[in-house]
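Trainee: Following my numbering, the residues of the sequence shown are numbered contiguously, the last one being 333. Note that CB positions come from ideal geometry on N, CA and C, so glycine has one too. What you are looking at is a predicted structure, and each value in this text was computed from that prediction instead of being measured.
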Amino acid sequence: MSAKYLGVDILLTADGSPRVIEINDRPVGIARLEPRSETIEAIRGLAAGFQSVEIFLPLGYEIEQGTTSDPLVASNVASLSDSRVRLLLEDIGLISESLQGICEVTVTDIRHIANRLETVPERALVWDRSGRVPDLQRGLQNVNARAVREICVDKLKTELVLAEAGVPHVESIDGFVPGGHEYLITKPVAGSSSEGVLRVKASNFVADPAMMVQPWLEPSQIEISGRHYHYDLRVYVAAGVALPPLIRIASVPAERSPDSKGAWLTTTGPVRTASKFLPVSLVESCQALALRAASAIDAASRTRPGAAHSEVTDSTTRWPNPIVLATTT
Numbered sequence: 005m006s007a008k009y010l011g012v013d014i015l016l017t018a019d020g021s022p023r024v025i026e027i028n029d030r031p032v033g034i035a036r037l038e039p040r041s042e043t044i045e046a047i048r049g050l051a052a053g054f055q056s057v058e059i060f061l062p063l064g065y066e067i068e069q070g071t072t073s074d075p076l077v078a079s080n081v082a083s084l085s086d087s088r089v090r091l092l093l094e095d096i097g098l099i100s101e102s103l104q105g106i107c108e109v110t111v112t113d114i115r116h117i118a119n120r121l122e123t124v125p126e127r128a129l130v131w132d133r134s135g136r137v138p139d140l141q142r143g144l145q146n147v148n149a150r151a152v153r154e155i156c157v158d159k160l161k162t163e164l165v166l167a168e169a170g171v172p173h174v175e176s177i178d179g180f181v182p183g184g185h186e187y188l189i190t191k192p193v194a195g196s197s198s199e200g201v202l203r204v205k206a207s208n209f210v211a212d213p214a215m216m217v218q219p220w221l222e223p224s225q226i227e228i229s230g231r232h233y234h235y236d237l238r239v240y241v242a243a244g245v246a247l248p249p250l251i252r253i254a255s256v257p258a259e260r261s262p263d264s265k266g267a268w269l270t271t272t273g274p275v276r277t278a279s280k281f282l283p284v285s286l287v288e289s290c291q292a293l294a295l296r297a298a299s300a301i302d303a304a305s306r307t308r309p310g311a312a313h314s315e316v317t318d319s320t321t322r323w324p325n326p327i328v329l330a331t332t333t
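See below:
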């Protein structure tokens with residue numbers, strides 16, 4: 005399997021139809037999932053058969069100790085303003101906890117990869133957070149192959165893979181704006197964390213080759229304390245298992261300020277366990293869709309000639325303030 009760990013984002017349209025929005029091959033936030041026991045089992049499934057798990061962190065991190073089996077904390081708390089940093093640290097702690105007594109977990113700054121790879125065990129699983137580790141030899145294996153990264157980092161390539169596999173997804177608009185759409189969503193072809201995502205009036209749309217364009221499909225809403233919020237779902241797929249989804253809720257009620265970004269962008273607000281808000285049948289249908297999407301990415305990545313050894317640059321993994329990691333005491 006080339007794609008072992010993915011985050012599949014799913015939109016439920018106003019009529020309740022689930023569609024894949026995009027797929028993240030380096031998702032953070034798995035430590036937020038409930039029940040925790042299922043997440044731990046999934047992590048152990050990913051690491052099954054390996055002597056160690058090697059986690060390589062992006063540029064912008066500084067490692068005080070290169071090897072540890074203990075959960076990690078950041079000693080530079082001021083650098084935790086980026087939520088991705090906090091979530092990644094929580095994930096590393098859960099990975100270490102899940103694999104304690106099973107295999108060694110090593111965390112290394114990507115700048116020291118050459119030295120570290122000289123000493124890793126023969127059977128090691130590489131959990132690459134930097135996006136810069138090549139596919140490896142002699143029993144070492146990336147959680148996701150480089151070919152998976154090449155697909156998921158490009159939203160248009162991802163859409164093509166999903167379309168060819170017949171997976172329901174939010175389709176892009178190419179070359180013209182059809183009638184019937186008052187609003188459009190524009191987003192960078194390469195990007196994550198909702199950076200650069202805009203909602204524009206179709207009448208004001210100006211084409212940009214660096215941007216992907218999709219029709220605005222109004223998400224479903226949930227009621228919280230008498231107010232209605234747009235939402236979508238994130239489903240983590242680990243080692244072929246769709247974990248219990250998270251529901252991502254807009255920060256502003258839809259009826260209060262419908263044109264504000266906080267109302268229409270679902271990633272601006274809180275994250276909760278989906279099963280606490282949605283019917284079991286709906287949650288299960290989203291998990292099934294996520295498995296179909298992950299399977300499509302896996303199949304496509306294994307048929308891409310030469311993709312595993314190409315270079316991928318991802319500036320989104322750089323943070324302005326260095327994060328200093330230290331073992332807990």
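#1: By the three-class DSSP mapping on this structure, what secondary structure does residue 268 have?
#2: Quick one: what's residue 223 bridged to in DSSP?
#3: Residue ranges of each alpha helix (DSSP H) run of no fewer than 4 residues wholly in the region 124-191, ordered along the chain?
#4: Decide if residue 26 is buried, meaning its Cβ has at least 16 other Cβ atoms within 10 Å, or exposed.
#5: Using 8 Å as the Cβ pair cut-off and three pairs as the minimum, do the region 208-220 and the region 184-192 touch?
#6: Just how far apart, CA to CA, sit residue 92 and residue 35?
#7: Can you tell which of 21, 228, 16, 30 has the C-alpha that lies nearest to the C-alpha of residue 242?
#8: Leaving out five residues before and five after residue 274 in sequence, what residues of the same chain have Cβ atoms less than 6 Å from its Cβ?
#9: Would you list the residues sitting across from residue 231 in a DSSP beta bridge?
#10: Less than 8 Å between C-beta atoms, sequence neighbours within five positions excluded: which residues of the same chain meet that for residue 289?
#11: Rounded to whole angstroms, how far is the Cβ of residue 111 from the Cβ of residue 61, which I believe are closer than 8 Å?
#12: Across the region 161-173 and the region 49-61, are there enough close Cβ pairs to call them in contact, namely three or more that are closer than 8 Å?
#13: In this structure, what does DSSP give as the bridge partners for residue 119?
#14: Any idea what DSSP makes of residue 260, helix, strand or coil?
#15: Residues in its own chain within less than 6 Å of residue 169 by CB, not counting five upstream and five downstream?
#16: Where residue 238 and residue 203 are concerned, what is the direct C-alpha to C-alpha distance, given to the nearest angstrom?
#17: When you compare only the Cα positions, how much space is there between residue 2 and residue 15?
#18: Within 10 angstroms of the Cβ of residue 116, are there 16 or more other Cβ atoms? Answer buried if so, exposed if not.
#19: To the nearest angstrom, how far is the alpha carbon of residue 250 from that of residue 308?
#20: Look at the alpha carbon of residue 10 and the alpha carbon of residue 206, and state the distance between them as a whole number of angstroms.
#21: Can you check whether the CB of residue 38 is closer than 7 Å to the CB of residue 277?
#22: For residue 43, name the three-state secondary structure that DSSP assigns.
#23: Any idea if residue 285 is buried or exposed, counting beta-carbon neighbours within 10 angstroms, 16 or more meaning buried?
#24: Nearest by alpha-carbon distance to residue 122: which of 155, 109, 144, 304 is it?
#25: Look at the alpha carbon of residue 223 and the alpha carbon of residue 229, and state the distance between them as a whole number of angstroms.
Mentor: In short, the structure shows the following:
#1: Stepping through the sequence shown from its first residue, residue 268 is reached at position 264. Correct three-state label for residue 268: helix.
#2: Sequence index remark: in the sequence shown, residue 223 carries index 219 (1-based). In the DSSP output, where bridge partners are listed per residue, residue 223 has 17.
#3: 150-156, 159-168
#4: As a first step, residue 26 is located in the sequence shown; it is residue number 22 there, counting from the start. It counts as buried.
#5: yes
#6: As a position in the sequence shown, residue 92 is number 88, starting the count at 1. As a position in the sequence shown, residue 35 is number 31, starting the count at 1. Going by the C-alpha atoms only, they are around 9 Å apart.
#7: Start at 1 with the first residue of the sequence shown, and residue 242 comes out as number 238. Ranking 21, 228, 16, 30 by Cα distance to residue 242 puts 30 first.
#8: Here the question's residue 274 lines up with position 270 in the sequence shown. Same-chain partners within the cutoff: 253.
#9: As a position in the sequence shown, residue 231 is number 227, starting the count at 1. According to DSSP, residue 231 bridges with 228.
#10: The residue labelled residue 289 in the question sits at position 285 within the sequence shown. Excluding positions up to five away in sequence, the list reads 22.
#11: Within the sequence shown, the letter at position 107 stands for residue 111. Within the sequence shown, the letter at position 57 stands for residue 61. That belief holds up - the Cβ atoms of residue 111 and residue 61 are roughly 6 Å apart, short of 8 Å.
#12: no
#13: In the sequence shown, the residue the question calls residue 119 occupies position 115. Its beta-bridge partners do not exist; DSSP assigns none.
#14: Along the sequence shown, one-based indexing puts residue 260 at 256. If DSSP states are grouped into helix, strand and coil, residue 260 belongs with coil.
#15: As a position in the sequence shown, residue 169 is number 165, starting the count at 1. Correct list, in chain order: 300.
#16: Start at 1 with the first residue of the sequence shown, and residue 238 comes out as number 234. Start at 1 with the first residue of the sequence shown, and residue 203 comes out as number 199. If you take the alpha carbons of residue 238 and residue 203, they lie about 21 Å apart.
#17: Because the chain is modelled from 5 through 333, residue 2 falls outside the range shown and cannot be assessed.
#18: Here residue 116 refers to the residue found at position 112 of the sequence shown. Counting Cβ neighbours within 10 Å, residue 116 comes out exposed, since fewer than 16 surround it.
#19: Here residue 250 refers to the residue found at position 246 of the sequence shown. Here residue 308 refers to the residue found at position 304 of the sequence shown. Answer to the nearest angstrom: the Cα atoms are 31 Å apart.
#20: Working through the sequence shown from its first residue, we reach residue 10 at position 6. Working through the sequence shown from its first residue, we reach residue 206 at position 202. Their backbone Cα atoms lie some 32 Å apart in a straight line.
#21: Taking the first residue of the sequence shown as position 1, residue 277 is located at position 273. Taking the first residue of the sequence shown as position 1, residue 38 is located at position 34. For residue 277 and residue 38, yes; Cβs fall inside 7 Å.
#22: On the sequence shown, residue 43 is found 39 positions in, with the first residue counted as 1. Correct three-state label for residue 43: helix.
#23: In the sequence shown, the residue the question calls residue 285 occupies position 281. Exposed, by the Cβ-count rule.
#24: Taking the sequence shown and counting its residues from 1, the one referred to as residue 122 is at position 118. Answer by Cα proximity: 144.
#25: Within the sequence shown, the letter at position 219 stands for residue 223. Within the sequence shown, the letter at position 225 stands for residue 229. Roughly 19 Å separates the two Cα atoms.
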